[in-house]
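What follows is a single structure, written as structure tokens, with notes after it.
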Amino acid sequence: MKVAVMGYGTVGSGVVEVIESHSDTIPQKIGGETLEVARILDLRDFPGDPHEALFTKDFNDILNDKEIKIVAETMGGVNPAFDFTMKLLKAGKSVVTSNKELVAQKGLELLKAAEENGVNYLIEASVGGGIPIIRPLTQCLAANNIEGIAGILNGTTNFILTMMIEQGMSFDEALKIAQEKGYAEKDPTADVEGHDACRKVCILASLAFGKHVYPSQVETEGITNISLEDVSYINSAGGVIKLLGQIKYISKDSIAAFVSPAVVYNGSQLASVKDVFNAVLVRGDAVGDVCFYGPGAGKLPTASAVVADIIDCAKHTDRKKIFGWGAGAEDYVVDYKSTIKMPFYVRAKADCARVNSVFSEVKYLSRKGQPSDEVAFITDVMTENELTEKLKGFEVINIIKVTNY
Ligand code: HSE
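If you count by the numbering used here, then the sequence shown holds residues 1349 to 1753, one letter each, in order.
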């Protein structure tokens, strides 16, 4: 069976490698046929690459090739990936993708197009890299009402935070290593500002609760304000800082969803997720908490998920998988700042007397080299709006949410 790969970057080249290195075992999984990479679309040249004969810069070479039935889209970005994917689905080809930006923005339209054209649009690699999460969420946990999801969804930021926490490494140095290892997006702003995690939150929320959630609906804060001083205070509280995507069910017409740094205490399953690893904790009403853990970025782990989707398409050429979600609504994602209560970590230029005059109950934290005019503390439970009100007039250095996961 002929397949094509669009985008020969880290993931796309991994897809070709995994298909080829597993050519002896894949046929038995798809009824004896072999998978053959027939075309690779990329605008760049790859002189000396062993697949040189397969490269094309013309999308029509894939679209018009009737023998190509499955296409892996590993280009990233919304355009032209959306246009290409739509044309392929309408031409009766199944598409599998690792492109979370595209799924978060246009998943609804693409899944509908797949449905209408009797083909598959599969997205396992779009969240959590190599971690199986899309199928477990839609199939294995289907009996549950999902109450909430909390995930470490970006490998680059988890790697950076781990290096800061465990080695006292600077943010910039850790980012450089993450880029060298092929974890980061082309523009790492999407990683460190939380946009990549936000896209994955959108996909998980859409799947878990059945209505499309768009990135613009998810309040997002990255890790660029996290300093080694914050790391040190939170260490003294028995916790670590993680970039978390959080989704909470409120009612059938409303959820809360946000991405931000968060304090996770050391007893939590999420606290031990280090380096490039990701974890998604799903809280279901029947199952309780289940945690999916594994490599969240990188060439072969992500390719593992893409190729699994290719195998699934190859197995089900005559059967459309029932999978997807419905339209969203503007007011579907509520303002978490006025609805969700939690404790907060606060670091400010102030003294304890001033803090005590405003907060009824706080836990003070300390660090080596703490200046005499600086305090850090964990508040009791409140909404973020209530916290902002209490901190009026304070010279705040940083605020970080504290989780109960
Ligand atoms: N840049 C992403 C990450 C790649 O670091 O998690 C996987 O989506």
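Cβ atoms here follow ideal geometry from the backbone N, Cα and C, with glycine treated the same way.
Length of the line joining the Cα atoms of residue i and residue j
i	j	result
valine 1723	threonine 1572	21 Å
phenylalanine 1407	phenylalanine 1742	57 Å
phenylalanine 1725	serine 1616	20 Å
isoleucine 1603	isoleucine 1582	29 Å
proline 1375	glycine 1360	21 Å
aspartate 1721	glycine 1570	27 Å
Burial state of residue i (16 or more Cβ within 10 Å)
i	result
serine 1554	buried
isoleucine 1367	buried
glutamate 1472	buried
leucine 1391	exposed
glutamine 1594	buried
alanine 1452	buried
glycine 1440	exposed
proline 1643	buried
Bridge partner(s) assigned by DSSP for residue i
i	result
tyrosine 1641	Ala1627
tyrosine 1613	Gly1587
methionine 1354	Leu1389 and Glu1421
glycine 1499	Gly1593 and Val1628
alanine 1604	Lys1596
serine 1361	Paired residues: none, contrary to the question.
tyrosine 1712	Phe1725
threonine 1568	Val1607
isoleucine 1482	Bridge partners of isoleucine 1482: none, in fact.
tyrosine 1757	Because the chain in this structure spans residues 1349 to 1753, residue 1757 falls outside the shown range and cannot be described.
lysine 1749	Ala1610 and Phe1692
threonine 1404	Leu1389
Any non-hydrogen atom of the ligand HSE closer than 8 Å to residue i Cβ
i	result
lysine 1622	no
aspartate 1637	no
tyrosine 1641	no
alanine 1645	yes
aspartate 1544	yes
glutamate 1533	yes
lysine 1448	yes
lysine 1548	yes
asparagine 1493	no
asparagine 1583	no
aspartate 1633	no
alanine 1538	yes
query = Which runs of the alpha helix (DSSP H), 4 residues or longer, sit entirely within the region 1642-1697?
reply = 1647-1663 and 1684-1687
inquiry  = Which complete alpha helix (DSSP H) runs does the region 1503-1558 hold, if anything under 4 residues is left out?
reply    = 1503-1515, 1519-1528, 1537-1540 and 1543-1557
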